[in-house]
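Written out as structure tokens, the structure is:
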């Protein structure tokens with residue numbers, strides 16, 4: 283579910299690029315980040331060490347319109363390379379509004395690509411979520427290889443369930459922005475259905491915001507529980523209303539000491555104040571039977 287930030291009047295939506303090791307997930311995110319205008323996206327951030335290294339950034343496509351007067355900010359996430367701790371993917375996938383499955387089109391990677399799709403479905407099921415109920419695009423990466431599997435073969439390999447299947451080559455950028463545009467439109471349509479209407483045409487593409495040859499617009503998102511915007515507005519209009527509210531005040535960041543800094547906005551009775559929640563993560567203690 284998307285996070286509604288009443289202070290900034292933004293909806294933060296999360297898109298996860300999932301796939302097998304070396305499928306091209308990190309290269310894809312880095313290409314997208316380079317192609318977006320600096321004023322339309324945040325910095326590329328990393329979290330973790332040599333293994334299980336998460337990459338993420340945010341962006342906002344203004345031409346996609348608003349959902350009930352809220353702008354939509356997208357957050358793109360992936361995990362680079364081989365994931366040694368399966369819980370890493372489960373954590374990244376939690377609350378995802380859209381998925382891009384990066385499938386390696388090289389024939390020798392067919393088995394691991396199929397297994398990766400099974401892992402994706404299993405991770406989502408652990409949260410009671412079905413992949414078929416999420417906006418999802420299959421990115422057939424490395425399609426520029428001479429012996430690459432066709433989109434039809436990859437769709438059958440991963441049982442794509444009718445999702446859009448798009449050729450790409452992360453080394454050259456072929457198809458990368460087309461995939462992004464497709465999943466962004468899917469998420470916007472889902473938000474439109476959820477909230478009832480949007481104030482602009484959600485079928486518009488990501489044109490006009492990029493740099494160099496290809497263009498695209500975008501910005502950021504993350505997840506928590508959905509807050510009905512109409513209810514929030516009704517509460518604010520009640521005489522003497524003093525109902526406390528809590529909202530994310532921005533993106534979570536990692537401090538130099540390794541702690542997580544979570545900006546929060548607390549409101550009550552028409553007044554609001556910002557706070558920063560500092561979290562220090564430690565491994566869970568082993569349970570001895």
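Residue numbers (the numbering used here): 283 to 571. Think of the CB as a built atom: it goes at the ideal place given N, C-alpha and C, for glycine as much as any other residue. Since we're looking at a predicted model, the values are computed, not measured.
Asked                                                                                                          : Found
Cα-Cα separation between residue 325 and residue 415, rounded to whole angstroms                               : 30 Å
Pair within 7 Å by beta-carbon distance, residue 444 and residue 450                                           : no
Cα-Cα separation, residue 329 to residue 359                                                                   : 11 Å
Top-ranked residue by Cα proximity to residue 354, from 363, 334, 323, 371                                     : 323
Boundaries (first-last residue) of the alpha helix (DSSP H) holding residue 322                                : Looking at the DSSP string, residue 322 is not in any alpha helix (DSSP H), and its letter there is neither H nor E.
Residues near residue 387 in its chain [Cβ-Cβ closer than 7 Å; skip 5 each side]                               : 422, 423, 424, 425, 427, 430, 431, 436
Classification of residue 475 by the beta-carbon crowding that lies within 10 angstroms, buried from 16 upward : exposed
Paired residues, beta bridge with residue 419 - DSSP                                                           : 382
Residue range of the unbroken alpha helix (DSSP H) whose run includes residue 438                              : 433-440
Coil, strand or helix - residue 301 by DSSP                                                                    : strand
Residue 543 - DSSP class collapsed to helix/strand/coil                                                        : strand
Alpha-carbon to alpha-carbon, residue 297 and residue 367                                                      : 21 Å
Nearest residue (CA-CA) to residue 321, options 377, 343, 311, 305                                             : 343
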